[in-house]
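Here is the structure we will look at, set down as structure tokens.
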Amino acid sequence: MASLNAEQRLAVEYAGPARHLLVLAGAGTGKTTTLVQRVAHLVRGGTKPERILLLTFSRRAAKEMRGRLAAALGPVTDRLTIGTFHSFCWEVISRIPKTFGVQAATVIDRDDATSLFTLARSERVEKGERDFPKAAQIADWHSYARNCLLPLDAYLEKFTELPADWVRRVVAIAEAYTAKKRERHYIDYDDMLELLVRGLEKSTALRTQMQALYQHILVDEMQDTNPVQWRLLDLLREPAQLYCVGDDAQSIYAFRGADFRNVHAFGERVPGAAVLKLTENYRSTQEILDVSNWLLARSPLNYEKELRAARGRGVRPRLIDFASKFDEAAWLANDLRVRHEAGAGWREHMILVRTAWSAKGIEAALVEADIPYTFIGGTSFLQAAHVKDVLALLRASFNRLDELAWVRYLTLWPKVGDGSAGKVVRALAAQPDTSMFDVLQKTLKNREEIAEGLHLATALAANPQAAVGAVCGHLEPLLASRYDRWEARKSDLRLLAQLAEKYSSVREFVETFTLDPVSNSEAARSSEDDTVTLITVHSAKGTEAPVCYVAQAQAGMYPHTRSLGDLDREEEERRILYVALTRAQNELILTRAGDEVVNIFQFGSTARALGEGYFLEELPADIADVTHMGFGGTRNALDSLRELDDELGW
DNA sequence: CGCCACTCCTTTTTT
DNA sequence: AGGAGTGGCG
Numbered sequence: 010m011a012s013l014n015a016e017q018r019l020a021v022e023y024a025g026p027a028r029h030l031l032v033l034a035g036a037g038t039g040k041t042t043t044l045v046q047r048v049a050h051l052v053r054g055g056t057k058p059e060r061i062l063l064l065t066f067s068r069r070a071a072k073e074m075r076g077r078l079a080a081a082l083g084p085v086t087d088r089l090t091i092g093t094f095h096s097f098c099w100e101v102i103s104r105i106p107k108t109f110g111v112q113a114a115t116v117i118d119r120d121d122a123t124s125l126f127t128l129a130r131s132e133r134v135e136k137g138e139r140d141f142p143k144a145a146q147i148a149d150w151h152s153y154a155r156n157c158l159l160p161l162d163a164y165l166e167k168f169t170e171l172p173a174d175w176v177r178r179v180v181a182i183a184e185a186y187t188a189k190k191r192e193r194h195y196i197d198y199d200d201m202l203e204l205l206v207r208g209l210e211k212s213t214a215l216r217t218q219m220q221a222l223y224q225h226i227l228v229d230e231m232q233d234t235n236p237v238q239w240r241l242l243d244l245l246r247e248p249a250q251l252y253c254v255g256d257d258a259q260s261i262y263a264f265r266g267a268d269f270r271n272v273h274a275f276g277e278r279v280p281g282a283a284v285l286k287l288t289e290n291y292r293s294t295q296e297i298l299d300v301s302n303w304l305l306a307r308s309p310l311n312y313e314k315e316l317r318a319a320r321g322r323g324v325r326p327r328l329i330d331f332a333s334k335f336d337e338a339a340w341l342a343n344d345l346r347v348r349h350e351a352g353a354g355w356r357e358h359m360i361l362v363r364t365a366w367s368a369k370g371i372e373a374a375l376v377e378a379d380i381p382y383t384f385i386g387g388t389s390f391l392q393a394a395h396v397k398d399v400l401a402l403l404r405a406s407f408n409r410l411d412e413l414a415w416v417r418y419l420t421l422w423p424k425v426g427d428g429s430a431g432k433v434v435r436a437l438a439a440q441p442d443t444s445m446f447d448v449l450q451k452t453l454k455n456r457e458e459i460a461e462g463l464h465l466a467t468a469l470a471a472n473p474q475a476a477v478g479a480v481c482g483h484l485e486p487l488l489a490s491r492y493d494r495w496e497a498r499k500s501d502l503r504l505l506a507q508l509a510e511k512y513s514s515v516r517e518f519v520e521t522f523t524l525d526p527v528s529n530s531e532a533a534r535s536s537e538d539d540t541v542t543l544i545t546v547h548s549a550k551g552t553e554a555p556v557c558y559v560a561q562a563q564a565g566m567y568p569h570t571r572s573l574g575d576l577d578r579e580e581e582e583r584r585i586l587y588v589a590l591t592r593a594q595n596e597l598i599l600t601r602a603g604d605e606v607v608n609i610f611q612f613g614s615t616a617r618a619l620g621e622g623y624f625l626e627e628l629p630a631d632i633a634d635v636t637h638m639g640f641g642g643t644r645n646a647l648d649s650l651r652e653l654d655d656e657l658g659w
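Residues 10 to 659 (my numbering) make up the first sequence, in order.
Right, dumping it as structure tokens:
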């Protein structure tokens, strides 16, 4: 067993008197270790593994915990229940499908939900009404309200400036969305939590039985738990004991309804709870923590946090300015290469970015420098258009009511638009006893190739890898003419087939990957590969690396311009940067580009707000080395000759 | 009914 | 720069 310090041991072996426990664990203080050792401690103490539930925030965290537990406990690990809140709820619901009315349901992701909202909106909003909130915005509000257990109208009245009649119309659109969802047997992410919570509230029998399942419920990242999730824990926690681990300073999911103040109020929210603290940081050197502490101390909020490094002192963090983001990206690639040539492994390096989108430039530089990397976060691989096209046919093959999938598949074909696709969708719903194949044949005359696609998917339903392969082959001519860079995209589809291999049905494959979207490069590489990690800060919570680059740390990014003007949101941005800084073990390097590279998307607010409240503005020189590099780096040496042009002029 | 050309807006973060 | 939504034409 890993050696524990006194605080950790107290937390791991805690045996009362309080029934429930919150462990406030600062960054790098051994949160995961404590959780893993707690489970191991319980199992070794005689608790049946079946009676332990471990809820994590992300799929990646669940996987990590499972791996570490397997190392500590061996095969009994398989008897533990470990998962995200969402996957746990969905597993419960899937076991009692008739009660929850989800026998033939298809799980939809955010994109599909937004498409459904677009349909609902278009029925209720004139084309000319350009100011009326967009589908994506309405979907956000709707999701947020549900995660907070608030009725949509109450939420809109309280938190938006919408006029009363628009509130009513938005609510009507949300109701239409819900109706469409039900009609099409769709389940969205929020349904998973909401259905189970409602079921537990409604049915004493279900509640009693579920409460009897677990003796111990352990929760990771408690500070990011939102009201529905709290409600679920409230419903399950008697007689089970709650064991929660979290850090208020790392709460970065307010946009999903999390409120870090809830961990402060833990004692009141959970009667009979005690709070322990872990304060010794084992991850980083004191220099790295000095910068992190400095950032947090400047907050108007009081986090009462001052991280101390158990490891002692090391290298001073650096802040490097570049003339352009190209210089910055090129320097990053070069620095990585130099370190690699000096003997460091690629995997010892992590580049953290605020937004997935802005990582593109760095990605390009890494590709050009031939540096192996894994990108984690942001738009997943499954959201690429060509991948969705293939998945649409697979989805349609097992849910005849899946309108979004049918329309997507059918309109891929020439001469098939929304009109005929709609006809097919209606016919499929109206004739539930006719096979889908026959409906297609009858509705789309002389279009055998369209029905043939369905045939391939259905015939190979039990062999996902073959089904994906066959469907890709069938659609290839269509997709190749539709998208540019086809060769690159085609490799995504090969990857898709590869991913499908370990599943026993097409349905299981599609469902798992909707719940657990995999980013492109993440899917392509196994965890054993030696690669640099390029990652969004949100995805990086819980991870660490010896050398961390916090890239694009310029004004406008921390805090992000979109959050300006709202104090709570700006403070959340501070915590995001704090999370980024505290990932580093040995070396922390902040890089940023000067703003002479004009952003093409010059939104009004960007220009005005640049620099206001910028967190790194006053970074003291005694805690970080600030250097300027690469001025004119993108300029060709010959460019200096240009100045001669005016002078010479013969 | 489908296709194409045009305009407008976008990108904060994720289960 | 590119994707989504819109409107007019074949």
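Glycine residues also receive a C-beta, built at the ideal position from the N, C-alpha and C atoms.
For clarity, every value in this text was computed on a predicted model and none was experimentally measured.
The residue from ARG28, LYS314, SER293 with its alpha-carbon nearest to that of LYS286 is LYS314.
Exclusion of the five residues before and after LYS190 leaves LEU125, ASP197 as the residues of its chain whose Cβ lies within less than 7 Å of its Cβ.
For THR383, there is no enclosing alpha helix (DSSP H); the residue is part of the beta strand (DSSP E) that begins and ends at 382-385.
Linking PRO160 to THR187 through their CA atoms gives a straight-line distance of about 14 Å. Secondary structure note for ALA630: it is in no beta strand (DSSP E), with a DSSP letter that is neither H nor E. In the three-state reduction of the DSSP assignment, LEU576 falls in the helix class. In the DSSP assignment, the residues bridged to HIS637 are ASP330. Taking 8 Å as the upper bound for CB-CB distance, GLU73 and THR43 are not in contact here, some 14 Å apart. If only uninterrupted alpha helix (DSSP H) runs of at least 4 residues are considered, those enclosed by the region 53-139 are 68-82, 94-104, 106-109, 119-131. Taking 8 Å as the cut-off, the Cβ atoms of TYR252 and LEU30 count as close. Between the C-alpha atoms of GLU496 and PHE335 there is a straight-line separation of about 27 Å.
Check the Cα spacing between SER67 and each of THR93, ARG322, GLN238: the tightest is with THR93. Separation of TYR567 and TYR587 (C-alpha to C-alpha, rounded to the nearest whole angstrom) is 10 Å. The beta carbons of TYR223 and ILE61 sit about 7 Å from each other, so the pair counts as a contact at 8 Å. In the displayed model, GLN594 falls within a strand according to three-state DSSP. Between the region 536-545 and the region 319-328 there are fewer than three inter-stretch CB-CB distances shorter than 8 Å, so the stretches are not counted as touching. Just measuring C-alpha positions, the residue of HIS50, ALA368, ARG47, ALA306 sitting nearest THR383 is ALA368. Under the DSSP definition of a beta bridge, ASN290 partners with ALA318. In the DSSP assignment, ALA36 falls outside any beta strand (DSSP E), carrying neither H nor E. Taking PRO84 as the centre and dropping the five residues before and after it, the same chain places no C-beta closer than 7 Å to its C-beta. The Cβ-Cβ distance between ARG404 and THR636 does not fall below 8 Å. Under the criterion of beta carbons closer than 8 Å, VAL272 and LEU33 qualify as touching, at roughly 7 Å.
Between ALA145 and THR169, the C-beta spacing is not below 8 Å. Comparing C-alpha distances from ARG578 to each of THR288, ALA20, PHE269, ARG417 shows the shortest one belongs to PHE269. Counting C-beta pairs with one atom in each stretch, the region 457-471 and the region 510-518 have three or more that are closer than 8 Å, which means they touch. Looking at the DSSP output, TYR567 shares a beta bridge with no other residue.
The C-alpha of ASN14 lies about 18 Å from the C-alpha of LEU51.
Residue pairing by DSSP places MET445 in no beta bridge whatsoever.
Measuring C-alpha to C-alpha distances from MET231 to each of LEU245, LEU242, VAL254 identifies VAL254 as the nearest.
A straight line joining the alpha-carbon of GLN259 with that of ASP200 spans about 27 Å.
Distance between LEU573 and LEU78, taken at the CA atoms: about 42 Å. Contact check for VAL559 and LEU341: beta-carbon distance about 11 Å, past the 8 Å limit, so the pair fails to qualify. Shown here for GLU580: same chain residues with a beta carbon closer than 7 Å to its own, the five before and five after excluded, namely SER308, LEU310 in chain order.
When the beta-carbon positions are compared, ASP539 and TRP355 come within less than 8 Å of each other.
Inclusion of ARG292 and GLY37 in the CB contact set at 8 Å is warranted, their separation being smaller than that value. Between ASP256 and THR65, the C-beta gap is not smaller than 8 Å, which leaves the two residues out of contact.
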